[in-house]
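Residue numbers (our numbering): 1452 to 1852.
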């Protein structure tokens, strides 16, 4: 073997080191982000940073808020989807799902979303929004979310939309968007209201049904109206639905309104022979706070106070809770951050592990996977405590950060 002197060997090593560093620098240079990943991030951002640009009063108890982006284009959505609005009220971090009442095309070219909210006198969130949101208010949200929209491979192009009160919002979005597409579905709206003052978007509904009579129709019924007014008084019964649309076969039903309307319609739909469950779609409605009206809820567990041991990998809390409200409400009231979106058991964002204790989950609001049921996972937004218990939640972070 030929011997190499110290100095030549050192220079050879330095040349080799320089060549290696040059190759390493080339490999570590700036690379362009994968375009598919970039598109996915733009269409489905982790958070939306919005600003109120307009507040419109629809009636004495309902307002529409127009929201524009503070930092770029708004993500696309399908008519019928919702935003999960993130709020900090006092020491409580919470979220509420509000259906987008504007049409997708109105979000194009630095456009806007609109959400329509009813003030609930005894509510927690709506009074806060009504008193604090004005032009210039910054709002954080996630979304759009949800699958309450027309899918050609699943749904019949003859849509029957049944709305109660502010449940009209997804259908206004659908009607405005469908009007832009000659190949879009036809839509028959059956709209139940307390009285004539409760009708929302009257001018837009009248305009669309007048401009597209072969595609869009509307029928109203009222809880309160004068007998000589010529208006229909009563609930949305099977007989009334038949009067409006004939037989319900070969049609897809989209329903949005209060929980009591869902319960009533379930009984009315049972009077239609041959109507399959897959033909009916219900918008997320939140969880009922009156457990006395929940079928199957244990009578001896109503209106009781319990203690919950809530923990994550960093810390734990002992908090009071009531059997009359979902576990998520107690967690938020205690100032614990647990991300949520749908608040109806569907999306699974708040998925947590039940370590001990008894709980009640409304069967038709149980969106858990079969494996999660077997392994003891719950969705706190749709789970009511029946006893003291222990729950492991994921590490929380405000979605707006």
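Heads up, the beta-carbon is just placed ideally off N, CA and C, and yes, glycines get one too.
Tell me the rounded alpha-carbon separation between residue i and residue j.
{"i": "residue 1834", "j": "residue 1791", "result": "13 Å"}
{"i": "residue 1510", "j": "residue 1520", "result": "26 Å"}
{"i": "residue 1549", "j": "residue 1542", "result": "22 Å"}
{"i": "residue 1525", "j": "residue 1824", "result": "36 Å"}
{"i": "residue 1713", "j": "residue 1840", "result": "31 Å"}
{"i": "residue 1654", "j": "residue 1661", "result": "10 Å"}
{"i": "residue 1639", "j": "residue 1719", "result": "18 Å"}
{"i": "residue 1503", "j": "residue 1676", "result": "36 Å"}
{"i": "residue 1583", "j": "residue 1813", "result": "34 Å"}
{"i": "residue 1708", "j": "residue 1737", "result": "11 Å"}
{"i": "residue 1604", "j": "residue 1733", "result": "18 Å"}
{"i": "residue 1692", "j": "residue 1716", "result": "10 Å"}
{"i": "residue 1666", "j": "residue 1527", "result": "25 Å"}
{"i": "residue 1573", "j": "residue 1651", "result": "22 Å"}
{"i": "residue 1682", "j": "residue 1799", "result": "43 Å"}
{"i": "residue 1596", "j": "residue 1780", "result": "21 Å"}
{"i": "residue 1663", "j": "residue 1579", "result": "39 Å"}
{"i": "residue 1626", "j": "residue 1711", "result": "25 Å"}
{"i": "residue 1816", "j": "residue 1735", "result": "9 Å"}
{"i": "residue 1540", "j": "residue 1698", "result": "48 Å"}
{"i": "residue 1586", "j": "residue 1700", "result": "46 Å"}
{"i": "residue 1754", "j": "residue 1776", "result": "9 Å"}
In chain order, what residues of the same chain lie with their CB nearer than 7 Å to the CB of residue i, ignoring the 5 residues before and after it?
{"i": "residue 1577", "result": "1568, 1569, 1570, 1571"}
{"i": "residue 1836", "result": "1757, 1759, 1772, 1774, 1778, 1808, 1810"}
{"i": "residue 1552", "result": "1515, 1565, 1566, 1567, 1620, 1623, 1624"}
{"i": "residue 1820", "result": "none"}
{"i": "residue 1748", "result": "1742, 1811"}
{"i": "residue 1752", "result": "1774, 1837"}
{"i": "residue 1592", "result": "1499, 1501, 1534, 1535, 1536, 1537"}
{"i": "residue 1846", "result": "1763, 1764, 1765"}
{"i": "residue 1557", "result": "1563"}
{"i": "residue 1830", "result": "1796, 1799, 1801, 1802, 1818, 1819"}
{"i": "residue 1559", "result": "none"}
{"i": "residue 1581", "result": "1514, 1570"}
In terms of DSSP beta bridges, what is residue i paired with?
{"i": "residue 1767", "result": "1762"}
{"i": "residue 1513", "result": "1510, 1569"}
{"i": "residue 1592", "result": "1499, 1536"}
{"i": "residue 1430", "result": "The requested residue 1430 does not occur in the structure, where the chain is confined to residues 1452 to 1852."}
{"i": "residue 1757", "result": "1772"}
{"i": "residue 1549", "result": "1534"}
{"i": "residue 1673", "result": "1644, 1684"}
{"i": "residue 1615", "result": "1643"}
{"i": "residue 1828", "result": "1804"}
{"i": "residue 1792", "result": "Looking at the DSSP assignment, residue 1792 forms no beta bridge with any residue, so it has no partner."}
{"i": "residue 1543", "result": "1540"}
{"i": "residue 1704", "result": "1611, 1731"}
{"i": "residue 1628", "result": "Answer is none; residue 1628 lacks a bridge partner."}
{"i": "residue 1519", "result": "1502"}
{"i": "residue 1637", "result": "1609"}
{"i": "residue 1564", "result": "1518"}
{"i": "residue 1843", "result": "1762, 1804"}
Using the Cβ count rule (16 or more neighbours within 10 Å means buried), how would you classify residue i?
{"i": "residue 1517", "result": "buried"}
{"i": "residue 1532", "result": "buried"}
{"i": "residue 1599", "result": "buried"}
{"i": "residue 1616", "result": "buried"}
{"i": "residue 1728", "result": "exposed"}
{"i": "residue 1745", "result": "buried"}
{"i": "residue 1493", "result": "exposed"}
{"i": "residue 1673", "result": "buried"}
{"i": "residue 1849", "result": "Low local confidence applies: a pLDDT of 42 at residue 1849 is under 50, so the model's placement there is unreliable, and no value is given."}
{"i": "residue 1794", "result": "buried"}
{"i": "residue 1618", "result": "buried"}
{"i": "residue 1523", "result": "exposed"}
{"i": "residue 1649", "result": "buried"}
{"i": "residue 1827", "result": "exposed"}
{"i": "residue 1659", "result": "buried"}
{"i": "residue 1486", "result": "exposed"}
{"i": "residue 1470", "result": "exposed"}
{"i": "residue 1468", "result": "exposed"}
Looking only at its chain, what residues have a beta carbon closer than 6 Å to the beta carbon of residue i, apart from the 5 residues adjacent to it on each side?
{"i": "residue 1547", "result": "1536, 1576"}
{"i": "residue 1852", "result": "Reliability fails at residue 1852, whose pLDDT of 32 lies under 50, so the model's placement of it is uncertain and the value that follows must be treated cautiously. Excluding residues within five positions, none has a Cβ falling inside 6 Å."}
{"i": "residue 1612", "result": "1622, 1638, 1640, 1705"}
{"i": "residue 1635", "result": "1629"}
{"i": "residue 1783", "result": "1543, 1545"}
{"i": "residue 1529", "result": "1600"}
{"i": "residue 1588", "result": "1503"}
{"i": "residue 1671", "result": "1642"}
Take residue i and list the residues in its own chain whose beta-carbon comes closer than 8 Å to its own, dropping the five residues that flank it on each side.
{"i": "residue 1768", "result": "1760, 1761, 1762, 1785, 1787"}
{"i": "residue 1702", "result": "1607, 1609, 1610, 1611, 1696, 1730"}
{"i": "residue 1822", "result": "none"}
I want to know whether the stretch 1631 to 1648 touches the stretch 1719 to 1736 - three or more CB-CB distances under 8 Å. no
May I ask you to verify whether the stretch 1752 to 1768 touches the stretch 1779 to 1787, counting CB pairs closer than 8 Å and requiring at least 3? yes
Could you say if the stretch 1638 to 1647 and the stretch 1678 to 1689 meet the contact criterion of at least three C-beta pairs nearer than 8 Å? yes
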